[in-house]
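Colleague: Just so you know, the working numbering puts 681 at position 494 of the sequence shown, and the rest follows in order with no gaps.
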Amino acid sequence: MINFSTYEVGAVLDGKLLIGGKWKTCDRKFESLNPATGNIIGKACNAGSEEVTEAVKEAKLARESWNKIDISERAKIFIKIGDELLKRSQEIKNLITMEMGRPLFESNIEVHKTSEMVKYFANEGKTFLEGDAIPINPYNFSFTRFEPVGVVGIIKPWNYPLLLPFWAIAPALIAGNTVVFKPSDLTPFVGIEIGKICQDAGIPYGVINIVTGDGFTGECLVSSDIDMISFTGSSDTGKNIMKNSADKLHRISLELGGSDAFIVFKDADIEEAINGAVWGRFMNCGQVCVSSKRIFVEDDIADSFIEGFVKKTRNLVIGNGLDPGTDIGPMVSIKQREKLELQVEDAIRKGAIIECGGKNPLSLQDGFYYEPTVLTGVTPEMSVMNEEVFGPVAVISVFENMDEAIALANRTIYGLGASVWTKNLDTAMRMSSQLECGIVWVNEICTLHPQCPWGGIKHSGMGKDLSRYGIREFVSIKHVNINFGTDKTRPWWFPYGK
């Protein structure tokens with residue numbers, strides 16, 4: 188394991204591919220940068236079609252023997268993985284922060300949440316994959332069984348480079364599949380560490396394969412001879428994966444973008460709602476699919492809410508994620524920051540008001556920083572209201588009544604999550620039934636429990652992660668019917684004339 192105890196590593200790391208249980212190199216390399224400084228962390232292999240094809244071949248070869256291992260034994264390996272994550276938490280959280288920038292406090296949460304989730308699937312997977320007996324009549328024994336789909340291609344993003352891969356890897360492997368995993372090209376070394384941890388825990392050769400690389404590597408994986416794709420990322424990329432998978436009829440699970448509504452009614456605990464909104468929008472530098480991207484506040488409390496929200500936003504400490512006092516680290520890349528800047532410029536040009544932020548901090552010019560920003564006076568035609576905003580920019584609008592709040596919240600192509608703040612149970616229940624999304628939190632925001640399903644509707648994807656529903660994404664349902672009747676001939680058989 189790498190010991191990242193300082194801000195920079197003296198030697199540039201050398202990342203390899205994990206194929207068939209062996210770590211292999213290639214001639215094509217790409218750089219992983221520390222977004223807090225712009226310095227090179229390491230160089231990882233940029234896998235092409237040859238390496239991806241080899242990885243898929245190894246996964247296919249390992250599939251039968253892995254599936255023959257009893258699920259209880261497969262689960263024991265993931266208990267070890269969960270323990271190993273906690274044992275190595277100091278090194279892992281430092282690596283996460285160095286590759287994608289977030290504060291160590293948040294990276295530590297990711298490590299512990301990943302361990303919790305992995306152990307959850309290890310402990311509950313066997314129960315979740317028990318088939319059902321189907322009563323028909325005394326002569327038929329009918330039941331279902333769950334069977335692995337085969338080789339699963341897993342493509343996951345940089346914003347949760349440990350958690351998101353494992354919430355596909357763990358259920359997929361426990362269910363008896365084998366995996367080819369492509370990490371983000373912005374966080375390749377976290378992906379490589381996932382392979383090392385799995386190997387150290389005893390996963391056999393070929394069961395998990397790691398191919399680092401750019402978008403072309405992902406395209407090669409999608410078009411390869413796999414049986415399923417599990418993808419988390421942008422909606423546009425998800426649509427392309429669907430198109431490219433159509434000819435092969437790959438099973439697909441997509442967790443895509445979001446533009447979540449955060450809705451505050453006048454009867455809410457305002458101070459608690461402000462705290463929730465600030466954290467829900469700016470955690471992970473606003474680079475979260477379910478963060479509070481569009482905030483709607485009832486008109487009676489709008490002024491006090493905005494005042495409190497802006498005050499807390501101005502007090503957030505921006506800096507290197509490895510500094511203990513940092514609240515918000517850099518954005519993950521210069522490209523992400525440039526896109527955010529264009530969205531803010533569009534809003535200002537169309538009449539939005541900057542309450543705070545809106546620029547790159549002068550004291551932090553080496554990294555990819557952007558000040559926590561609050562916009563009011565926003566309108567539907569602005570890109571900050573109709574596109575996913577993946578950065579530390581909060582937009583606040585005002586509504587007059589519940590019907591308007593519902594209409595504003597649903598005015599988006601996305602449907603991932605929403606957060607509602609109210610003390611009225613009737614309001615909470617009506618909002619939860621009429622909001623067009625896959626997750627609704629009431630008086631809470633962005634909480635993650637492995638027992639609860641996770642996933643969106645509309646352009647936010649299809650399929651579920653986590654819970655019993657998540658592991659069943661990685662299996663096929665087989666129906667078996669056994670007839671024990673004594674009749675030699677069925678009355679509906681040929682010939683019809685007798």
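From the three backbone atoms N, C-alpha and C, an ideal C-beta is built for every residue, glycine too.
Which parts of the stretch 384–462 are runs of the beta strand (DSSP E), unbroken and 3 residues or longer, counting only runs that do not cross its ends?
Modeller: Fully enclosed beta strand (DSSP E) runs of 3 or longer: 395–397, 415–419, 438–442, 448–451.
Colleague: In terms of residue numbering, what span does the alpha helix (DSSP H) encompassing glutamate 525 cover?
Modeller: Unbroken alpha helix (DSSP H) run through glutamate 525: 521–536.
Colleague: Decide if glycine 229 is buried, meaning its Cβ has at least 16 other Cβ atoms within 10 Å, or exposed.
Modeller: Burial call: buried.
Colleague: Note down the Cα distance separating arginine 332 from isoleucine 361, rounded to an integer number of angstroms.
Modeller: For arginine 332 and isoleucine 361, the distance between alpha carbons rounds to 15 Å.
Colleague: Would you report the Cα separation of phenylalanine 368 and serine 236, rounded to the nearest angstrom?
Modeller: Between phenylalanine 368 and serine 236, the C-alpha separation is close to 14 Å.
Colleague: Along the alpha helix (DSSP H) that carries serine 478, what are the first and last residues, could you check?
Modeller: Where serine 478 is concerned, there is no enclosing alpha helix (DSSP H), given that its DSSP letter is neither H nor E.
Colleague: Can you name, in chain order, every residue of its own chain whose Cβ lies under 8 Å from the Cβ of leucine 622, other than the five neighbours on each side?
Modeller: Cβ within range, chain order: Ala448, Ile593, Ala596, Asn597, Ala605, Val607.
Colleague: Any idea what DSSP makes of histidine 666, helix, strand or coil?
Modeller: Here histidine 666 sits in strand by DSSP.
Colleague: Compute the Euclidean distance between the alpha carbons of cysteine 543 and valine 504, then round it to the nearest angstrom.
Modeller: Approximately 14 Å, taken between the alpha carbons.
Colleague: Alpha carbon to alpha carbon, how far is asparagine 396 from aspartate 414?
Modeller: Their backbone Cα atoms lie some 15 Å apart in a straight line.
Colleague: Comparing the C-beta of arginine 215 with each C-beta of chain D, is any distance below 8 Å?
Modeller: Absent from the structure is chain D; it holds one protein chain and no more.
Colleague: Would you kindly work out how many angstroms separate the C-alpha atoms of threonine 560 and glycine 538, rounded to a whole number?
Modeller: Rounded to whole angstroms, threonine 560 to glycine 538 spans 15 Å at the Cα level.
Colleague: Pull up the distance between the alpha-carbon of tryptophan 628 and that of threonine 513, whole angstroms please.
Modeller: Their Cα atoms are separated by approximately 27 Å.
Colleague: For isoleucine 381 and glycine 400, what's the separation of their Cα atoms in angstroms?
Modeller: For isoleucine 381 and glycine 400, the distance between alpha carbons rounds to 15 Å.
Colleague: Excluding the five sequence neighbours on either side, which residues of its own chain have a C-beta within less than 7 Å of the C-beta of tryptophan 253, listed in chain order?
Modeller: Gly363, Thr365, Pro391, Val394, listed in sequence order.
Colleague: Excluding the 5 residues preceding and the 5 following lysine 610 in the sequence, name in chain order all residues of the same chain whose CB lies nearer than 6 Å to its CB.
Modeller: Counting only Cβ-Cβ distances below 6 Å, and skipping sequence neighbours, we find Asp454.
Colleague: Mapping the DSSP letters down to three states, classify asparagine 324 as helix, strand or coil.
Modeller: Three-state result, asparagine 324: strand.
Colleague: Whose CA, out of His299, Glu260, Phe265, lies closest to the CA of glutamate 278?
Modeller: Checked all of His299, Glu260, Phe265; the closest Cα to glutamate 278 is His299.
Colleague: Pull up the DSSP beta-bridge partners for cysteine 232, would you.
Modeller: Answer is Lys216.
Colleague: Using a threshold of 8 Å, state whether the C-beta atoms of valine 497 and glutamine 530 are closer than that.
Modeller: No.
Colleague: Go through its chain and collect everything with a Cβ distance to valine 199's Cβ below 8 Å, but skip five positions before and after it.
Modeller: The residues are Ile227, Ile228, Gly229, Lys230.
Colleague: So, under 8 Å CB-CB, leucine 350 and threonine 301 are touching, yes? Tell me the CB distance rounded to an integer number of Å.
Modeller: Confirmed, Cβ separation roughly 5 Å.
Colleague: According to DSSP, is isoleucine 206 helix, strand or coil?
Modeller: Isoleucine 206: strand per DSSP, three-state reduction.
Colleague: Count the other CB atoms, across all protein chains shown, that sit within 10 Å of the CB of phenylalanine 671; report buried if there are 16 or more and exposed otherwise.
Modeller: Flag for phenylalanine 671 reads exposed.
Colleague: Return the residue from the list Phe403, Ile540, Gly545 that minimises the CA-CA distance to leucine 527.
Modeller: The option with the nearest alpha carbon to leucine 527 is Gly545.
Colleague: Look at the alpha carbon of threonine 634 and the alpha carbon of serine 478, and state the distance between them as a whole number of angstroms.
Modeller: Roughly 11 Å separates the two Cα atoms.
Colleague: Spatial neighbours of lysine 211 within its chain, please: C-beta separation below 7 Å, excluding the five flanking residues on both sides.
Modeller: Counting only Cβ-Cβ distances below 7 Å, and skipping sequence neighbours, we find Lys203, Leu204.
Colleague: By a C-beta neighbour count over all protein chains shown, 10 Å radius and 16 as the cutoff for buried, is tyrosine 347 buried or exposed?
Modeller: It is buried - the Cβ of tyrosine 347 has at least 16 other Cβ atoms within 10 Å.
Colleague: Would phenylalanine 353 pass as a contact of valine 305 if the rule is Cβ separation under 8 Å?
Modeller: Yes. Within cutoff.
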